[in-house]
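One structure is given here, and the rest of the page talks about it.
Residue numbers (the numbering used here): 301 to 668.
Here is the structure:
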């Protein structure tokens, strides 16, 4: 049996359903077009609702007709106010049913692509109608929000952070000479302060770890501030260096004297700043509630899938899985996964219900 791809079949049917095919001009003896006016008995009110048309054994009800009309965009709906326009839209539904009936008659409903598309549609419907109701935003109480706030105060009370770059040389004389050369250049071109300092780093700094990054020490706190966490891969910052950087007034300023540490003599430039902030509970209630909702929703999804897994026989042959051949990609591959197939629980094609991510952070000031 001849097969067609999911894309070509879906495209043909969807374009027809949405009126993508213009109605053919009716013959002279059929001024009303291709939709025949049925006897009143055939379009009478039935138990399932009023019937606007029949296509073979399939009845298009008034409710279905209205639903399909109202699925159109507001602009498109505005074109269907007249009887003639409604008849044209009904003709597109009739065309769709005719094509669907013919496709089923020819066995396309057994095509793997068609069956996959049907499963995806069912999962989307399941996600919208049933899984979405597992957890509601209203389930997250004020007590839950307050408890999270009190247990994660470090997320809402941030100290000031400063970013700096350094030049390290072996002796004080060399450090003062570089400083005397560099400061007039920075004062003459303050907008290029970071670039001028970076050039001196590359030419003169003896600290290989930061030299590769134009002397960047990344963000850190004041010497006695323990709340600014730094990862092991970030360059160490001596307390004297931190104190000098914090004392600088503006981003781009250079400390006016070399600073001695066990590593040598340092010239320090301030390259960034994050203001301190403290958010009270009332300021962050909404973001915390949304965060807890996402977590609880993900947990509910996993529990739902686990119940399904326990009620089914799932057998995986890892040896056969390993035989799967993956074609190499040519360049970046865009993520074309439908939204309902992403998010928590998404691996394996399971849907995830998503909310927009929260955005939080300091008020950064950095040089370009």
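Using N, Cα and C, we set each Cβ at its ideal position, and we do this for glycine too.
Predicted model only: the values in this text are computed from it and were never measured.
Backbone secondary structure at residue 568 - three-state DSSP: strand
Residue 353 - containing beta strand (DSSP E), residue span: Here the beta strand (DSSP E) through residue 353 covers 349-355.
Should residue 570 be labelled buried (16 or more other beta-carbon atoms within 10 Å of its own) or exposed? buried
Express the C-alpha separation of residue 413 and residue 351 in angstroms, rounding to a whole number. 32 angstroms
Using three-state DSSP, classify residue 548 as helix, strand or coil. Residue 548 falls in the coil class under three-state DSSP.
Name the DSSP beta bridge partners of residue 358, please? 355
Could you compute how far the alpha carbon of residue 344 sits from the alpha carbon of residue 371? Confidence in residue 344 is poor, its pLDDT being 43 and thus under 50, which makes the residue's placement unreliable; the coordinate value appears in the next sentence. Cα to Cα, residue 344 sits roughly 25 angstroms from residue 371.
Looking at C-alpha atoms only, which residue of 509, 528, 467 is the closest neighbour of residue 564? Taking only the C-alpha atoms, the option nearest residue 564 is 467.
As assigned by DSSP and simplified to three states, the class of residue 372: coil
For residue 578, which option in 459, 386, 404, 588 has the closest C-alpha, if you only look at C-alpha atoms? With respect to the C-alpha of residue 578, the residue from 459, 386, 404, 588 having the closest C-alpha is 459.
Using beta-carbon positions only, say whether residue 522 and residue 537 come within less than 8 angstroms of one another. no
Is it the case that the Cβ atoms of residue 572 and residue 463 are separated by a distance below 8 angstroms? yes
Outcome for residue 405 when other beta-carbon atoms lying within 10 angstroms are tallied against a minimum of 16: exposed
Relative to the C-alpha of residue 549, which residue among 574, 627, 608, 610 is closest? 574
Residue from 592, 524, 518, 617 with nearest C-alpha to residue 532: 518
Buried versus exposed call for residue 591 [16 or more other C-beta atoms within 10 Å across all chains shown]: buried
Would you say residue 498 and residue 514 are within 8 angstroms of each other, going by their C-beta atoms? yes
The alpha helix (DSSP H) enclosing residue 516, as first and last residue numbers: Taken as a continuous stretch (DSSP letters only), residue 516 belongs to no alpha helix (DSSP H), being part of the beta strand (DSSP E) at 516-520.
Alpha carbons only, please: which of 427, 596, 475, 411 is nearest the one belonging to residue 554? Closest option to residue 554, Cα to Cα, is 475.
Would you report the Cα separation of residue 442 and residue 487, rounded to the nearest angstrom? If you draw a straight line from the Cα of residue 442 to the Cα of residue 487, it comes to about 54 angstroms.
How about residue 398 and residue 435: are their beta carbons less than 8 angstroms apart? no
Thinking residue 379 and residue 369 are a contact (beta carbons under 8 angstroms), I'd like their distance in whole angstroms, please. Their Cβ separation, rounded to whole angstroms, is 10 angstroms, which puts residue 379 and residue 369 out of contact at 8 angstroms.
Whole-angstrom distance between residue 439 and residue 456, CA atom to CA atom: 23 angstroms
Taking the beta carbon of residue 452 as the centre, do at least 16 other beta carbons fall within 10 Å, making it buried, or is it exposed? exposed
How long is the line joining the alpha carbons of residue 611 and residue 604, rounded to whole angstroms? Taking the straight line from one Cα to the other gives about 11 angstroms.
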